[in-house]
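If you read the sequence shown in this note's numbering, its first letter stands for residue 3, the second for the next number, and so on. The next block holds one structure in the form of structure tokens; read it before the comments.
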Amino acid sequence: MKSILTTGLAAIVLAAVTAGPVLAQGTLQKVKDRGQLVCGVNTGIAGFSAPDDKGNWSGLDVDLCRAVAAAIFKDPAKVKFVPLTAKERFTALQSGEIDVLSRNTTWTMSRDTSAGMNFAGINYYDGQGFMVNKALGVKSAKELSGASICVQTGTTTELNVADYFRQQGMTYKPVVIEKLPETLAAYNAGRCDVFTSDASQLYATRLTLGSPADHIVLPEVISKEPLGPAVRQGDAQWGNIVRWVLFALINAEEFAITQENVDKMKDSTNPEVKRLLGSEGDFGKGVGLDSDWAYQAIKAVGNYGESFERNVGQGSRLKISRGQNALWRDGGLQYAPPIR
Ligand SMILES: N[C@@H](CCC(=O)N[C@@H](CS)C(=O)NCC(=O)O)C(=O)O
């Protein structure tokens with residue numbers, strides 16, 4: 003006769019076994035049950051994430067959220083955007099307030115290990131720069147010794163500027179402020195000589211200054227800032243969903259699949275295109291989604307290049323060139339592993 007102990011043990015083991023996959027699907031299931039994705043974005047940086055006067059968000063980071071929502075729900079509108087300052091963003095992810103952080107966040111080792119996050123990829127290769135008022139007459143960062151520098155709390159920017167000045171044997175006075183509008187107001191009012199941030203953010207914020215043409219971005223790029231989406235540690239499937247949606251958008255550009263031709267491309271004879279769009283094989287299964295997951299993502303926001311041009315490139319006010327963000331075959335760094 004089976005003892006109560008072994009029966010009980012068997013029940014616990016069974017529960018653990020059945021709980022395994024349920025736990026592994028935690029975030030996806032939570033998102034599905036809620037009926038929308040909750041995406042952490044920045045409070046407003048043109049080109050990356052910014053709301054218009056009707057509260058509609060747009061930007062490169064916003065597109066990634068919409069693409070993930072489309073891959074899950076076949077509807078890019080099923081996403082709620084939570085604006086977060088640099089300081090707030092990690093707590094919001096760790097506490098479960100947001101499902102994914104898609105907010106000009108630099109992938110660093112400490113964030114990817116001890117801060118409880120995992121980065122899913124890089125959607126913008128950036129680097130830190132300096133902006134000054136032309137009236138200062140400064141042409142190079144090497145002339146900035148003794149300057150006062152405005153920087154936002156909780157950013158990689160703070161450490162990089164300290165490293166750079168130390169290495170150059172120069173001094174500076176940090177003016178550290180939490181909120182971006184206040185930081186810019188301080189810079190605009192001359193409370194600091196310099197505003198430092200990732201270069202893309204310098205170009206974006208310059209447009210919001212009273213007279214953008216009065217400010218220049220100095221030529222020095224003092225750091226590597228690989229920006230990308232991050233998820234909480236401990237849910238590999240969820241991380242895979244975000245990672246492969248980004249890869250799908252990058253691969254789509256490589257195969258010339260666009261928002262406009264994606265339906266026609268389903269009939270392509272190229273096996274790689276067929277697999278990506280779900281007309282051959284079922285790659286959605288591996289991430290708990292339907293086989294049309296990538297088709298839906300591309301249909302929603304276009305391929306990576308389209309999203310780039312629309313938000314930060316030639317179709318935008320920023321007019322940033324592809325540079326390091328071009329595809330690998332065009333001399334850039336954007337390279338997505340294959341879907342097979
Ligand atoms: N990439 C850097 C900096 C990111 C960052 O937060 N930059 C500021 C300066 S432009 C920003 O986006 N502020 C907007 C906000 O606080 O919402 C990091 O991950 O620490």
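Virtual Cβ for every residue (Gly too), placed ideally from N, Cα, C.
Helix, strand or coil at residue i [DSSP, three-state]
i, result
"residue 247", "helix"
"residue 186", "helix"
"residue 229", "strand"
"residue 147", "coil"
"residue 52", "strand"
"residue 162", "helix"
"residue 306", "helix"
"residue 111", "helix"
"residue 179", "strand"
"residue 28", "helix"
"residue 341", "coil"
"residue 257", "coil"
"residue 271", "coil"
"residue 91", "helix"
"residue 314", "coil"
"residue 239", "helix"
"residue 103", "strand"
"residue 135", "strand"
"residue 252", "helix"
"residue 140", "coil"
"residue 33", "helix"
Alpha-carbon to alpha-carbon, residue j and residue i
i, j, result
"residue 36", "residue 236", "20 Å"
"residue 151", "residue 339", "40 Å"
"residue 246", "residue 32", "19 Å"
"residue 259", "residue 80", "23 Å"
"residue 306", "residue 91", "24 Å"
"residue 209", "residue 332", "29 Å"
"residue 231", "residue 242", "12 Å"
"residue 337", "residue 125", "10 Å"
"residue 193", "residue 168", "22 Å"
"residue 165", "residue 225", "10 Å"
"residue 253", "residue 309", "13 Å"
"residue 279", "residue 75", "16 Å"
"residue 294", "residue 284", "8 Å"
"residue 195", "residue 84", "32 Å"
"residue 41", "residue 239", "17 Å"
"residue 123", "residue 199", "21 Å"
"residue 116", "residue 188", "33 Å"
"residue 127", "residue 266", "31 Å"
"residue 186", "residue 207", "8 Å"
"residue 318", "residue 146", "31 Å"
"residue 234", "residue 109", "13 Å"
"residue 161", "residue 324", "27 Å"
"residue 26", "residue 94", "Here the model assigns residue 26 a pLDDT of 45, short of 50, so the residue's position is not dependable and the matter cannot be decided."
"residue 65", "residue 222", "30 Å"
"residue 78", "residue 144", "46 Å"
"residue 155", "residue 203", "15 Å"
"residue 342", "residue 275", "10 Å"
"residue 61", "residue 142", "30 Å"
"residue 129", "residue 322", "13 Å"
"residue 261", "residue 251", "10 Å"
"residue 112", "residue 101", "20 Å"
Residues bridged to residue i (per DSSP)
i, result
"residue 83", "41"
"residue 285", "For residue 285, which the question treats as bridged, DSSP gives no partner whatsoever."
"residue 322", "Residue 322 pairs with nothing; no bridge assigned."
"residue 277", "Paired residue(s): none; residue 277 is not in a bridge."
"residue 194", "Answer by DSSP bridge pairing: none, since residue 194 is not bridged."
"residue 329", "336"
"residue 264", "BP columns for residue 264 are empty, so no partner."
"residue 47", "51"
"residue 154", "179"
"residue 234", "119"
Where the alpha helix (DSSP H) containing residue i begins and where it ends
i, result
"residue 203", "201-208"
"residue 300", "295-303"
"residue 75", "62-75"
Ligand 2 heavy atom lying under 7 Å from the CB of residue i
i, result
"residue 210", "With respect to small molecules bound, the structure shown includes ligand 1 and not ligand 2."
Beta strand (DSSP E) segment containing residue i, residue limits
i, result
"residue 219", "217-219"
"residue 119", "119-121"
"residue 128", "126-128"
At least three beta-carbon pairs within less than 8 Å, the region 92-110 to the region 41-54: The region 92-110 is in contact with the region 41-54.
Validate contact between the region 81-89 and the region 270-289 using beta carbons, cut 8 Å, 3 pairs: no
Three-pair Cβ contact test at 8 Å for the region 298-305 versus the region 66-74: yes
Three-pair Cβ contact test at 8 Å for the region 206-222 versus the region 131-151: yes
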